[in-house]
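In the working numbering, the protein residues as written are 125 to 523. Cβ atoms here follow ideal geometry from the backbone N, Cα and C, with glycine treated the same way. No experiment lies behind these values; they were computed from the predicted model shown. Heads up, the thing below is written out as structure tokens.
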Ligand code: ADP
């Protein structure tokens, strides 16, 4: 059974086609600048290297159409015709309170995703465009929606309720939702499998540290709390996002700098985080290089980043009344041994002790804590596409 996984942004589209008999990736790629001059498709058939196709793509339908053309191409393709794609899995950012798991995309589900556009205005509309484009080109192929928020729907009210007038929750559904849920679900399951532990009674803290970063407390295999909120702006300091701040900062800076609310939000979304502190870059490799060369603000940016994780590790351990494993994943979590080390520093009282030698790895499943560390520290590379493909198989096979 071959499954196509699609992740649509406003002007981009990422895809993977997997053979689910052995869960291997047959091909993957990325379309960029959809609807903008200079649109381009980069495609990689496993084992064949990357190819680039420059072609005007006015919308997501034209982008998907080119992806399908490449997938059936004699040289670069991996299937004979479109009918070989048994189902399509779509990543959808926001499922609100409506979607607590993945769903076959029916007209009702599509309407539900549309309703959630107010909560995810930057992502849900392009996610829907991708769904509609695929439906148009593959009308008889089952489509499944996998939501970034769904894993967090097990959070209790005490975790998701903001201390603001309750009517805003009742009227507008203002609450913590959390994101990166598909990653947390994959990594928590893989961690338990890797450690040979049962979900019941387990207490995990997972750090998904990438361009966007968030953490989750996962107890009994279910999400208990997470750092992102109504939107992916809350929580950790990120590449360009501020994460937690005193909300009063907004009015203060807006008055001083004569900014309107849109300009202020743009600063918190795109000009803050480690980019804002360092003034150098949002990419941790650049900041680590600058810090190693003695740049003070680069140092401070890395320290603030690690400090916030440390705070939440303590908070989540307190909420769960203990901790079995601390897990690092995504670009920074999988690759930066120095960031893992600084986050774990001075957490001995919690039973966290990293082993410098074991920690000297990247991008593979591994325990990196000392043998006598009470809490296991792990690196588990995330695989959201595989999780989406597995859900797509499970749901479409039961039709
Ligand atoms: P996204 O959130 O876009 O999926 P990723 O999970 O791919 O992002 O993470 C990308 C980030 O990972 C980059 O911005 C970079 O800061 C960081 N990163 C990647 N490789 C390394 C590395 N070797 N050392 C430190 N940071 C890295």
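Does any heavy atom of ligand 1 sit closer than 8 Å to the C-beta of residue 412? yes
Name the residue from 290, 224, 357 and 327 whose alpha carbon lies nearest to the alpha carbon of residue 336. 357
Can you grab the Cα-Cα spacing for the pair residue 375 / residue 386, in whole Å? 12 Å
Run the CB neighbour count on residue 364, radius 10 Å, all protein chains shown included, and call it buried at 16 or more, exposed below. buried
Hey, could you find the ends of the alpha helix (DSSP H) residue 444 is sitting in? 420 to 444
If you draw a straight line from the alpha carbon of residue 412 to that of residue 490, how long is it in whole angstroms? 23 Å
For residue 397, does the three-state DSSP call read helix, strand or coil? helix
Give me the residue from 287, 242 and 131 with the minimum Cα distance to residue 188. 131
Opposite residue 178 in the DSSP bridges: which residues? 164
Less than 9 Å between the beta carbons of residue 209 and residue 194, yes or no? no
Distance CB(residue 451)-CB(residue 328) smaller than 9 Å: yes
According to DSSP, is residue 316 helix, strand or coil? helix
From 213, 286, 372 and 415, residue whose alpha carbon lies closest to that of residue 306: 213
Mind checking whether the beta-carbon of residue 456 lies closer than 8 Å to any heavy atom of ligand 1? yes
Check whether the segment 435 to 445 touches the segment 456 to 476, counting contact only when three or more Cβ pairs, one atom from each stretch, lie closer than 8 Å. yes
Say yes only if the C-beta of residue 432 is nearer than 8 Å to one or more non-hydrogen atoms of ligand 1, and no if none qualify. no
Select from 388, 511, 517 and 515 the residue whose C-alpha is nearest the C-alpha of residue 311. 511
Does the contact criterion of 3 or more C-beta pairs under 8 Å hold for the segment 458 to 468 versus the segment 342 to 356? no
Is residue 460 near ligand 1 - that is, is its Cβ less than 8 Å away from at least one heavy atom of it? yes
Please report the straight-line C-alpha distance between residue 236 and residue 222, rounded to a whole angstrom. 7 Å
Verify whether the separation of the beta carbon atoms of residue 348 and residue 283 is less than 9 Å. yes
Sequence-distant residues of its chain with Cβ nearer than 6 Å to residue 275 (five each side left out): 305, 308, 309 and 347
Give a single yes or no on whether residue 402 has its beta carbon closer than 8 Å to a heavy atom of ligand 1. no
Do residue 372 and residue 428 have their C-beta atoms within less than 9 Å of each other? no
Just to confirm my understanding: we take residue 225, look at its own chain, exclude 5 residues before and 5 after, and list those with CB closer than 7 Å. What are they? 274
Count the other CB atoms, across all protein chains shown, that sit within 10 Å of the CB of residue 523; report buried if there are 16 or more and exposed otherwise. exposed
Can residue 408 be considered in contact with ligand 1, in the sense that its beta carbon sits closer than 8 Å to one or more heavy atoms? yes
Return helix, strand or coil for residue 475, following the three-state DSSP convention. coil
Quick one: Cα of residue 258 to Cα of residue 497, how far? 49 Å
Smallest Cα separation from residue 253: which of 434, 270, 234 and 405? 234
Assign residue 244 to buried or exposed, taking buried as 16 or more other Cβ atoms, counted over all protein chains shown, within 10 Å of its Cβ. buried
Taking DSSP as the reference, what is the three-state secondary structure of residue 330? strand
What are the residues that DSSP puts in a beta bridge with residue 490? 503
Would you mind reading off the limits of the beta strand (DSSP E) that contains residue 149? 148 to 156
By Cβ distance, which residues of its chain are closer than 8 Å to residue 455, with the 5 residues on each side in sequence left out? 333, 334, 335 and 408
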